[in-house]
Amino acid sequence: MTSTSIGRLLAPHPDRLLPADPATLRIARDLYESVARMPILSPHGHVDAQLLVDDLPFGDPAELLITPDHYVLRLLHASGVPLEALGVEPVDGSGRAAPGREVWRALAEHWDVFLGTPVRYWFETELHDVFGLDEHPSAENADSQYDHLVSRLAAGDMRPRALFDAFRIEVLATTDDPASSLSAHAALRDDPTFTGRVLPTFRADSYFDPARPEWAASVERLAEVSGIDTSTHRGLLDALRSRREHFIRHGATATDTGVPDASSEPLDPADAERVHALALRGLATPDDAVAYRRTMLFQSAAMSADDGLVMQLHPGVLRNHHRPSLDRFGPDRGHDLPDVAGTYTRPLRPILEAFGTHPTFRLVLFTVDETAFSSEIAPLAGFYPSVFAGAPWWFIDTPAAIRRYREAVTDSVGFTKTSGFIDDTRAFCSIPARHDMSRRVDAGYLASLVVTHQMSEDDALRVARDLVDTIPRATFRL
Amino acid sequence: MTSTSIGRLLAPHPDRLLPADPATLRIARDLYESVARMPILSPHGHVDAQLLVDDLPFGDPAELLITPDHYVLRLLHASGVPLEALGVEPVDGSGRAAPGREVWRALAEHWDVFLGTPVRYWFETELHDVFGLDEHPSAENADSQYDHLVSRLAAGDMRPRALFDAFRIEVLATTDDPASSLSAHAALRDDPTFTGRVLPTFRADSYFDPARPEWAASVERLAEVSGIDTSTHRGLLDALRSRREHFIRHGATATDTGVPDASSEPLDPADAERVHALALRGLATPDDAVAYRRTMLFQSAAMSADDGLVMQLHPGVLRNHHRPSLDRFGPDRGHDLPDVAGTYTRPLRPILEAFGTHPTFRLVLFTVDETAFSSEIAPLAGFYPSVFAGAPWWFIDTPAAIRRYREAVTDSVGFTKTSGFIDDTRAFCSIPARHDMSRRVDAGYLASLVVTHQMSEDDALRVARDLVDTIPRATFRL
Amino acid sequence: MTSTSIGRLLAPHPDRLLPADPATLRIARDLYESVARMPILSPHGHVDAQLLVDDLPFGDPAELLITPDHYVLRLLHASGVPLEALGVEPVDGSGRAAPGREVWRALAEHWDVFLGTPVRYWFETELHDVFGLDEHPSAENADSQYDHLVSRLAAGDMRPRALFDAFRIEVLATTDDPASSLSAHAALRDDPTFTGRVLPTFRADSYFDPARPEWAASVERLAEVSGIDTSTHRGLLDALRSRREHFIRHGATATDTGVPDASSEPLDPADAERVHALALRGLATPDDAVAYRRTMLFQSAAMSADDGLVMQLHPGVLRNHHRPSLDRFGPDRGHDLPDVAGTYTRPLRPILEAFGTHPTFRLVLFTVDETAFSSEIAPLAGFYPSVFAGAPWWFIDTPAAIRRYREAVTDSVGFTKTSGFIDDTRAFCSIPARHDMSRRVDAGYLASLVVTHQMSEDDALRVARDLVDTIPRATFRL
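Here it is as structure tokens:
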């Protein structure tokens with residue numbers, strides 16, 4: 008960029024993201040204001056429940072706001088800032104993570120690379136509304152803003168529970184391993200001073216794929232936790248069922264599953280046992296491992312049809328694309344990438360033929376390939392009572408893509424077969440800004456239907472409220 | 008939805024679907040009004056010609072408006088209403104179709120699931136303009152509206168021929184099996200009291216695929232109808248040619264073909280004969296069957312190059328996705344779904360190398376994967392004189408998708424290499440609302456080109472008229 | 008079209024392509040005007056450098072404006088005008104190219120098929136601004152306009168160097184074979200009367216694929232030019248390295264590569280040598296040839312990591328789709344077509360694992376499948392420091408698609424990881440109209456961010472300038 012950002016005022020506009028046309032803006036503003044202060048239902052995310060049990064002050068600002076947020080990390084790295092300079096400790100001893108003050112400076116010096124992105128949008132809202140900053144970060148103010156953040160984070164009103172209330176979060180779902188004791192969820196449930204709902208989500212895909220090096224150890228650990236012998240395929244299924252019951256007793260209403268592809272053809276039981284036995288000895292072939300993983304996806308659907316946990320599915324991500332970064336920094340460092348070969352209609356047919364009209368089964372489909380919204384996900388959700396069109400997620404949970412999502416799926420399934428917004432975030436402090444963004448974009452979309460006479464203003468008001476309340480409650484059985 | 012719809016006024020707005028911006032609206036309104044009352048050319052649809060021969064009053068409102076319309080059926084089913092409650096009789100005796108009054112009530116009680124969808128848009132226009140309803144359907148008015156519809160349908164001005172005239176339909180193409188006698192079309196042609204044109208369309212793909220269980224019987228029946236021995240591949244081709252002549256004599260100007268993929272590599276004649284002979288005995292391998300189907304696609308193109316029937320092609324649909332619904336309710340129940348593996352550029356190369364610049368051959372490409380518009384269909388239509396970009400169809404014949412289609416294909420091929428709107432409908436009474444929708448969306452698109460100075464208003468007026476008149480007449484040789 | 012175009016005024020509107028909404032227009036106009044007269048950086052194109060060395064008057068108007076421009080040629084051919092009538096000489100002696108006056112008439116008579124397309128947009132601007140025409144071409148004025156063009160082209164201010172200056176071109180990159188002497192580039196560099204920069208671009212993919220019939224001869228010629236034995240794979244790599252040095256000495260900053268797919272898995276050296284040896288004798292199998300081509304892509308990336316030439320990559324085009332046209336008219340006649348099976352994330356993994364964070368390596372990804380922008384290219388450019396999201400190109404370098412590109416990639420990568428506009432043209436006189444179009448569309452996009460309060464007007468002004476100056480300079484190391 009050709010100039011610096013010294014002293015530029017940070018003041019998010021009250022009408023941001025709403026349509027510019029005056030007549031549409033008036034309607035969109037009414038719609039937005041009718042939902043702006045409604046409680047947050049967050050049915051899918053990655054905040055650690057223990058954070059709310061401990062209720063300790065957050066530590067370093069960079070550790071809170073930058074290092075764990077792969078949305079922020081990605082574009083800084085893509086702009087030439089090495090991961091260690093962003094606070095990521097190399098796991099191979101090949102370098103040292105920079106201290107927080109330097110990480111904040113790296114962000115401030117690259118602030119302009121986020122221009123026009125939703126990361127900038129969230130971050131501006133968060134820095135202004137939650138942390139009280141009133142200048143854009145810059146090289147000049149990096150130290151003083153860092154000091155300000157450190158001091159704000161020490162304040163009592165900035166502890167996790169205080170923020171949970173200030174953010175008006177009603178339900179917060181976490182993501183948890185089947186072997187988890189869920190003790191943090193139990194502690195929150197049993198604590199009379201905490202009135203929010205923090206629900207676990209059952210995430211079992213690490214038990215699906217025998218090709219993963221840690222599969223056998225995971226399966227073994229599950230036996231210990233569940234008290235059920237997992238040396239057979241049938242035993243593993245029993246153990247998973249038992250853990251799902253444990254999750255349900257702790258408030259879970261949903262599972263979450265990520266797979267390389269959504270194929271769901273089940274093996275017959277004898278073949279599944281054969282592969283299971285080979286896999287425990289590390290002898291399963293790659294083809295066997297793929298077939299076993301697909302069986303497990305089918306069996307997960309069968310369990311959801313039995314116990315009513317809503318199944319969330321997001322295929323088509325290639326994990327850890329850059330091996331050198333994986334070797335130096337471990338997983339989840341911003342190079343999980345879309346692999347759009349994965350599709351829905353044909354791969355999911357076995358599950359949908361078995362459970363697609365089952366009264367209990369419910370399947371929420373997410374995608375990182377937005378072309379699937381109109382060509383596969385909406386058509387599936389438009390026939391199968393069990394299928395819901397998940398909100399844009401990960402690379403595409405952005406204002407422009409959310410608008411495209413509405414334009415792509417409303418045609419086929421209206422609003423009631425969609426999931427409502429999910430924030431999918433590890434960054435606790437970004438939750439309100441993300442939900443607010445979604446409410447603004449939906450208000451603008453609904454206003455566009457009103458001004459083109461496709462919907463009355465009264466209907467739009469009802470739909471706006473349903474999208475943040477009735478619809479996520481119903482879809483996720485909250 | 009959080010409230011009910013009691014007594015809400017049903018009154019489609021005169022400016023619906025037109026742009027909201029006042030300057031653009033003024034132009035769009037002029038464009039729309041210049042074409043709003045022009046005759047309807049419907050070159051692709053599924054109305055039964057016998058309906059117009061018999062000219063009997065329509066029967067039950069639900070049988071007319073809900074049960075046969077898979078657009079309506081799909082989202083009700085997806086919202087949890089079983090197919091039998093929507094009037095579909097189970098073919099396996101496992102239940103009973105609900106009577107019409109209850110089917111109408113099911114629609115009325117779920118009216119809000121259609122909010123924001125084009126089904127709601129069509130239905131509102133149709134209920135208001137054709138049937139004179141002035142309230143939105145609701146649980147409260149379901150019985151009285153049903154009674155009103157029954158009484159309206161008994162009136163003389165609601166008979167098929169009266170509506171045909173009232174809708175200003177000039178040309179209506181039907182879809183017909185090659186074995187059809189076309190007696191209804193002949194009767195209409197020979198009836199001096201009927202002045203519309205009702206044209207058959209040759210739909211032969213059930214003769215393409217030897218893997219279909221009914222293939223051999225169909226081939227046999229074609230021999231009887233045509234008087235040509237179909238026990239050889241060459242005989243089958245001769246019989247199809249003979250039936251195409253029969254169709255042309257009854258006014259046909261086009262064929263229609265749906266295939267799982269568009270691959271068109273022909274077998275050499277000896278191989279085709281070998282597969283044909285095996286297939287008649289049920290011995291063709293799956294690979295043989297696929298190769299034979301692709302040969303048949305190539306041969307269909309060759310016949311079009313000979314006899315001038317415009318070839319319509321729509322690959323990439325996976326039929327009868329949900330076997331349990333197929334077993335209970337038979338085919339065409341809303342679970343034919345997009346299978347976007349099917350593409351155009353490479354699969355169609357054999358046909359286009361053979362006939363792409365042939366002066367007689369004409370190929371209209373339809374898709375259910377709208378990404379193909381800019382990446383394959385428009386580039387093909389932008390080089391090959393024989394190729395035309397078909398309008399959005401089936402899952403994507405909606406206001407938002409039609410606008411996206413114009414934005415995607417106009418770049419490459421302008422307007423003259425597009426097909427004009429097709430309604431593709433079985434729902435006779437929805438024809439005017441669908442064409443009206445298309446005219447409004449195109450008016451809005453053209454107005455956007457005018458206000459951004461990409462086209463003069465005079466040119467836009469010409470194009471608006473051409474899109475509903477010159478262009479479909481030329482593309483479909485009407 | 009239903010009427011003719013007699014005497015219609017040709018006068019491009021000063022606000023063309025800018026948004027219609029008055030408030031947005033005001034901002035967009037300011038943004039556009041701030042960059043409208045800035046110099047043109049054209050880092051990717053196909054103009055012949057010798058044109059500027061010779062500085063002769065352009066010849067026939069049709070030879071200049073129609074016959075070499077496949078954008079123009081394509082839609083005329085698709086509208087039924089044979090290639091020979093557009094001035095293309097059949098290479099098989101099966102016909103004769105029409106003379107220029109008739110070619111111009113063919114364009115004039117089909118002028119309306121371009122309505123709504125960007126070809127019409129460029130052409131109108133070019134005919135008006137460069138050639139001083141003030142009527143739309145039509146059958147009636149074809150002869151007089153042709154005479155006018157002939158006379159204009161004879162004038163001194165219409166010679167290539169005069170236009171180069173009048174167009175304010177600062178940098179013009181050409182596309183050149185590795186065997187090229189680059190004598191034209193040297194002559195321009197050494198000519199004190201020519202102050203522009205004309206840079207060669209290293210285009211080596213004809214040396215990648217041993218399945219091409221001319222591969223062995225090309226490899227042999229490269230040995231002669233470089234003085235390096237290319238009878239081994241290693242020798243070929245050395246010769247290419249040597250020619251890259253030659254290009255760098257003549258000002259090159261980039262390579263350009265087109266491949267059927269982007270797979271980049273390298274063979275081990277012994278296998279590569281084996282295939283090379285077989286291929287020289289015409290004995291490489293098709294699988295060998297594909298593996299060899301992928302190795303060469305990997306090695307090209309390795310060379311770029313060494314020598315700093317920016318690597319431009321555009322996979323997924325199926326060349327010469329229509330063999331009869333290839334046989335009659337040779338290659339590059341408008342039937343290279345998108346083949347969207349080609350993807351990025353998985354195929355490019357070997358290159359990106361090896362060089363994705365390399366400080367010197369730089370990779371600009373282009374696509375003809377715009378779905379890849381949000382699903383693959385932006386996510387890759389959003390993590391890898393070496394990867395940049397190339398501007399829409401070829402079939403999609405149009406106003407509507409450029410707007411969609413910004414909306415798809417800005418979410419993930421803002422502006423600094425994009426390439427800036429490239430004109431990719433052989434049509435020298437269309438360069439200013441193309442760059443102007445891009446500046447208008449970007450001004451409109453930035454204005455939309457301003458009026459929705461996603462960016463301040465000051466930031467938008469900086470970004471507008473950076474997009475035509477800082478960003479292409481940085482991306483292409485100009």
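Line order of the protein sequences matches chains V, D and G.
Offset between the first sequence (1-based) and our numbering: plus 7.
Offset between the second sequence (1-based) and our numbering: plus 7.
Offset between the third sequence (1-based) and our numbering: plus 7.
Beta carbons: idealized from backbone N, C-alpha and C, even for Gly.
When the Cα atoms are used, glycine 52/G and phenylalanine 380/G turn out to be separated by approximately 21 Å.
Distances from the alpha-carbon of serine 382/D to those of Met310/G, Asp263/G and Trp401/G put Trp401/G closest.
Its Cα nearest to that of phenylalanine 368/D, the residue Phe395/D stands out among Phe395/D, Ile384/D, Thr374/D and Val375/D. The continuous alpha helix (DSSP H) containing valine 420/D extends over residues 406 to 420. Of all residues in the segment 411 to 433 of chain G, only Arg413, Glu414, Ala415, Thr417, Asp418, Ser419, Val420, Gly421, Phe422, Thr423 and Lys424 come within less than 9 Å of chain V when Cβ atoms are compared, listed by chain position. Per DSSP, the beta bridge partners of phenylalanine 395/V are Val371/V. Ranking Met165/D, Ser437/D, Ala408/D and His240/D by CA distance to the CA of glycine 66/D puts Met165/D first.
At a Cβ-Cβ threshold of 9 Å, glutamine 306/V and aspartate 263/V do not count as neighbours. One alpha carbon belongs to threonine 417/V, the other to proline 322/D, and they sit about 24 Å apart. For secondary structure counted as the alpha helix (DSSP H) over 4 or more consecutive residues, the segment 209 to 284 of chain V holds these complete runs in sequence order: 222 to 233 and 240 to 256. For glutamine 319/V, the enclosing beta strand (DSSP E) covers residues 317 to 322. Residues of the same chain with a CB within less than 6 Å of the CB of glycine 389/D, apart from the 5 flanking positions on each side, are Ser419 and Val420 in chain order. Taking C-alpha positions only, glutamine 57/G is separated from proline 167/G by approximately 10 Å. If one requires a minimum length of 4 residues, the alpha helix (DSSP H) runs lying completely within the segment 107 to 150 of chain G are 107 to 116 and 125 to 136, in chain order. With a beta-carbon spacing of about 6 Å, aspartate 449/V and alanine 471/V fall inside the 8 Å limit used to define contacts. Comparing C-alpha distances from arginine 196/G to each of Ser188/G, Ser187/G and Leu206/G shows the shortest one belongs to Leu206/G. Separation of threonine 378/D and threonine 352/D (C-alpha to C-alpha, rounded to the nearest whole angstrom) is 13 Å. At a cut-off of 9 Å between beta-carbon atoms, glutamate 109/V makes no contact with chain G. Nearest in C-alpha terms to valine 457/G, of all of Ala312/G, Pro185/G, Pro26/G and Arg15/G, is Pro26/G. When 8 Å is used as the limit between beta carbons, phenylalanine 121/G is near these residues of chain D: Gly421, in chain order. In this structure, threonine 364/V lies near proline 392/V, with their beta-carbon atoms less than 9 Å apart. Arginine 204/D carries a strand assignment under DSSP once its states are collapsed to helix, strand and coil. The distance from the Cβ of alanine 113/G to that of alanine 146/G is about 10 Å, inconsistent with a contact at the 8 Å cut-off. Residue state for glutamate 377/V is assigned as coil, using DSSP reduced to three classes. Boundaries of the alpha helix (DSSP H) harbouring leucine 82/V: 77 to 85, taken from the DSSP string. Look at isoleucine 403/V: its C-beta is under 9 Å from a C-beta on chain G. Using a Cβ-Cβ cut-off of 9 Å, valine 375/D counts as an interface residue toward chain V, since at least one Cβ of chain V sits closer than that to its own.
Under the three-state reduction of DSSP output, leucine 290/G falls in the coil class, being neither helix nor strand. Between the segment 453 to 468 of chain G and the segment 30 to 40 of chain G, the count of Cβ pairs shorter than 8 Å is three or higher; the stretches touch. Nothing from the segment 451 to 479 of chain V brings a Cβ to less than 8 Å from some Cβ of chain G. A Cβ of chain V is located within less than 9 Å of the beta carbon of serine 382/G.
In this structure, alanine 308/V lies away from isoleucine 255/V, with their beta-carbon atoms at least 9 Å apart.
Residue environment: aspartate 275/D is assigned as exposed (fewer than 16 neighbouring CB atoms within 10 Å of its CB, all protein chains considered). The DSSP assignment places complete alpha helix (DSSP H) segments of no fewer than 4 residues inside the segment 327 to 367 of chain D at 330 to 336 and 356 to 362, in order along the chain. Neighbours of glutamate 360/V across chain D, judged by C-beta separation under 7 Å: His329, Arg330 and Pro331. For serine 455/G, the enclosing alpha helix (DSSP H) begins and ends at 438 to 458.
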